[in-house]
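Enquirer:
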Amino acid sequence: MSTEASSRGDLARLPWISFSIIVVLVVAAVFAPLLAPHSPTEQSLPDKLRPPAWQEGGSMKHLLGTDVLGRDVLSRLVYGARVSLTVAAVALIAGGGVGLALGILAGYTGGRVDNFIMRVVDATLTFPTILIALLLAVSLGQGLGTIAIAITVIIWARFARIVRGEVLSVKTRDFVALARVHGCSHLRIMAVHIVPNVLNTFMVLLTLHIGFVVIVEATLSFLGAGIPPPTPSWGQMVSDGRSHIASAWWLSVVPGGAIMLVVLVFNLFGDWLRDWLDPRLRQV
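Under this note's numbering, the first residue of the sequence shown carries the number 247, and numbering increases by one thereafter.
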């Protein structure tokens with residue numbers, strides 16, 4: 247009974263609104279060609295700057311209106327979700343994986359290896375995030391892969407520092423000492439005993455950094471160093487609509503609202519995941 251009650255309590259505390267929005271976002275990104283009502287790059291100059299359907303002059307054909315080239319804003323928004331989530335997935339898997347490995351290595355081995363890795367981390371964290379990403383994106387050229395590489399270069403250090411702190415705590419526990427007494431190799435201890443005990447923290451970091459990656463990608467696209475047109479991205483849509491903000495507010499407000507919503511729901515979900523994975527916070 248207690249287990250069933252605990253499960254029901256966990257489900258009751260699940261942030262259903264955030265979770266539902268995340269599910270909708272992922273489904274829209276994966277099935278964008280099926281869900282988008284129009285092609286995101288199809289131009290129709292006679293339909294340019296159509297307002298959303300609920301405003302005068304709007305049409306149900308274009309629920310969120312059209313841009314200066316007559317492209318459907320809703321379709322571009324759906325395809326923009328695919329770009330943002332793809333960049334976030336690639337950058338977080340690569341950067342998070344590198345940060346996890348180096349954080350475990352630094353925290354477990356200590357000494358010169360730890361000092362060297364942490365000095366590299368310190369040097370990486372001192373540089374402005376957007377500036378480094380902008381320089382890398384400009385030097386390597388525009389494209390989804392370039393943005394993913396640029397974000398990976400700047401995000402791994404965040405993971406490495408926090409994971410190292412967790413490892414410093416875990417390696418002093420009795421089960422690690424017993425593993426050493428039984429003759430386990432260092433590699434086995436890190437893989438079998440250290441990694442499972444830092445995965446909770448790592449998963450929370452992944453969730454909380456999705457919003458950060460989305461903002462960086464949108465910023466680079468807004469500055470013209472991100473996804474090249476005509477491929478839609480939310481930052482590029484905000485940039486394209488800023489000169490028409492007084493007469494066609496939906497061009498910037500709709501993608502800007504999408505960026506804000508995605509960052510908010512992933513942060514809220516990350517906060518819940520942190521509390522759920524920590525037994526002390528879950529009891530409270």
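Glycine residues also receive a C-beta, built at the ideal position from the N, C-alpha and C atoms.
Owing to the predicted nature of the structure, the values given are computational and were not obtained by experimental measurement.
1. Assuming Pro297 and Gly316 form a contact by the criterion Cβ under 8 Å, report the distance between their Cβ atoms to the nearest whole angstrom.
2. Would you tell me roughly how many angstroms separate the C-alpha atoms of Phe512 and Thr453, rounded to the nearest one?
3. How close, in whole Å, do the beta carbons of Ile505 and Val460 come, if the pair is a contact with beta carbons under 8 Å?
4. Locate the alpha helix (DSSP H) running through Pro261, then write down its first and last residues.
5. How many angstroms separate the CA atom of Thr392 from the CA atom of Gln482?
6. Whole angstroms is fine: what's the gap from Asp360's alpha carbon to Arg407's?
7. Rounded to a whole number of angstroms, what is the C-alpha to C-alpha distance between Trp518 and Met449?
8. DSSP beta-bridge partners for Ser493?
9. Pull up the DSSP beta-bridge partners for Ser305, would you.
10. Please return the same chain residues whose Cβ sits closer than 6 Å to the Cβ of Ile363, not counting the five positions on each side in sequence.
11. Considering only C-alpha positions, which residue in the set Gly516, Arg365 and Arg358 is nearest to Ile456?
12. For Leu281, which residues in the same chain have their Cβ closer than 8 Å to its Cβ, ignoring the five residues on either side in sequence?
13. So what does Asp318 bridge to, in DSSP terms?
14. According to the Cβ coordinates, are Ser498 and Val484 closer than 9 Å?
15. If you count every other CB in all the chains shown that lies within 10 Å of the CB of His432, and 16 or more means buried, which is it?
16. Please tell me whether Leu320 and His284 are closer than 9 Å, where the distance is taken between their beta carbons.
17. What are the start and end residues of the alpha helix (DSSP H) that includes Thr465?
18. Assuming the contact rule is C-beta atoms closer than 8 Å, Pro189 and Pro478 should be a hit. Round their C-beta distance to whole Å, please.
19. Cβ of Gly345 within 9 Å of Cβ of Ala403?
20. In whole angstroms, give me the CA-to-CA distance for Ile401 and Val508.
21. Exposed or buried, Val427, counting other C-beta atoms within 10 Å across all chains shown (16 or more means buried)?
22. What do you get for Ile473, buried or exposed, if any count of 16 or more other CB atoms within 10 angstroms of its CB means buried?
23. Could you say which of Trp262, Val333 and Leu271 lies nearest to Thr465 if we only look at CA atoms?
24. Does the segment 416-424 come close enough to the segment 438-449 to have 3 or more Cβ pairs within less than 8 Å?
25. Can you tell me where the alpha helix (DSSP H) holding Ala437 begins and where it ends?
Expert: Let me lay it out:
1. In fact, because the Cβ distance is near 13 Å, the residues do not count as touching under 8 Å.
2. 6 Å
3. 6 Å
4. No alpha helix (DSSP H) holds Pro261; DSSP gives it neither H nor E.
5. 16 Å
6. 11 Å
7. 12 Å
8. Ser493 pairs with nothing; no bridge assigned.
9. His308
10. Leu348 and Ala352
11. Gly516
12. Val273, Ala274 and Val324
13. Thr312
14. yes
15. exposed
16. yes
17. Val441 to Phe468
18. Past the edges of the chain, shown from 247 to 530, lies residue 189, and the structure says nothing about it.
19. yes
20. 19 Å
21. exposed
22. buried
23. Val333
24. yes
25. No alpha helix (DSSP H) holds Ala437; DSSP gives it neither H nor E.
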